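Working notes, structure below.
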Amino acid sequence: MSTNNCCCCGQVDERDEKLQEIIKKHKETKGALIPVLHEAQELYGYLPIEVQKMVAEGLGVSLSEVYGVVTFYTQFSLNPKGKYKIQVCMGTACYVKGAGQILDKLKEKLGLDVDQCSEDGLFSLEACRCIGACGLAPVITVNEDVYGRIGPDDVEGIIKKYKE
Ligand code: FES
Numbered sequence: 000m001s002t003n004n005c006c007c008c009g010q011v012d013e014r015d016e017k018l019q020e021i022i023k024k025h026k027e028t029k030g031a032l033i034p035v036l037h038e039a040q041e042l043y044g045y046l047p048i049e050v051q052k053m054v055a056e057g058l059g060v061s062l063s064e065v066y067g068v069v070t071f072y073t074q075f076s077l078n079p080k081g082k083y084k085i086q087v088c089m090g091t092a093c094y095v096k097g098a099g100q101i102l103d104k105l106k107e108k109l110g111l112d113v114d115q116c117s118e119d120g121l122f123s124l125e126a127c128r129c130i131g132a133c134g135l136a137p138v139i140t141v142n143e144d145v146y147g148r149i150g151p152d153d154v155e156g157i158i159k160k161y162k163e
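See below:
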């Protein structure tokens, strides 16, 4: 089974070795793919294509099957997440109350696009579907914190809180 060597020092990423152990642990179990992907995501923080390849190879399934599962379930991510994961609800109630402007302001202030993570690893930005807090629309979340009835002018203050 292959592992990823660092492009500059050639060292093996020890998470790759842990992933091989995870695969081994689940390999004989029926329906192993989803639990393996969950543990892989815990390990790496997201599921880049190299990790998906290792999972496919280790479990003897096709890469397209792995990719299909990763992209179908919203709990899996193809992109790295920041320490603070900002989600902007783009559900109907939030959208009509200006979620688009809030998202634009976040993009501008963070210098990020949707599904990107800042270089220092502090923030990642996502757009999501209704989170069930429509009465507070428009809503954004930062990890477990919920901010409702906000406007574009509140964005800077919210970001500042997490930078400090
Ligand atoms: S539409 Fe945003 S919380 Fe429901």
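When the letters of the sequence shown are read in order and numbered with numbering that gives the first Met the number 0, they come out as residues 0 to 163.
Where a beta carbon is used, it is the ideal one built from N, C-alpha and C, also for glycine.
In this text the structure is predicted, and so the values were computed from the model without any measurement.
(1) Return yes when the C-beta of G97 is under 6 Å from any heavy atom of the ligand FES, and no when it is not.
(2) State buried or exposed for E125, treating a residue as buried only when at least 16 other CB atoms are found within 10 Å of its CB.
(3) Short check: CB of C174 to CB of I130, under 7 Å?
(4) Helix, strand or coil for E27? Go by DSSP, reduced to three states.
(5) What first and last residue would you give for the alpha helix (DSSP H) that runs through S63?
(6) Since I believe A92 is in contact with C133 (beta carbons under 8 Å), could you give me their beta-carbon distance rounded to a whole number of angstroms?
(7) Does the Cβ-Cβ distance between G147 and V138 come in under 7 Å?
(8) Counting only C-beta atoms, is V35 closer than 7 Å to chain B at any point?
(9) Measuring straight from C-alpha to C-alpha, what distance separates M0 and L102?
(10) Applying the criterion that 16 or more other CB atoms from any shown protein chain within 10 Å of the CB defines a buried residue, is L62 buried or exposed?
(11) With distances taken between CB atoms, is the gap from F122 to Y66 smaller than 7 Å?
(12) On a CA-only basis, which of D12, K29, T28 and E38 is nearest I21? Give me that one, please.
If we stick to the structure as given:
(1) no
(2) buried
(3) The shown model of the chain, from 0 to 163, leaves out residue 174, and the question about it has no answer.
(4) The DSSP-derived three-state label of E27 is coil.
(5) Segment L62 to F71, the alpha helix (DSSP H) holding S63.
(6) 4 Å
(7) yes
(8) In the structure shown, chain B cannot be found, because there is only a single protein chain.
(9) For M0, the predicted model reports a pLDDT of 48, less than 50, meaning its position is unreliable; a value from the coordinates is still stated below. Cα to Cα, M0 sits roughly 42 Å from L102.
(10) exposed
(11) It is not a contact, given that the beta carbons lie outside the stated cut-off.
(12) E38
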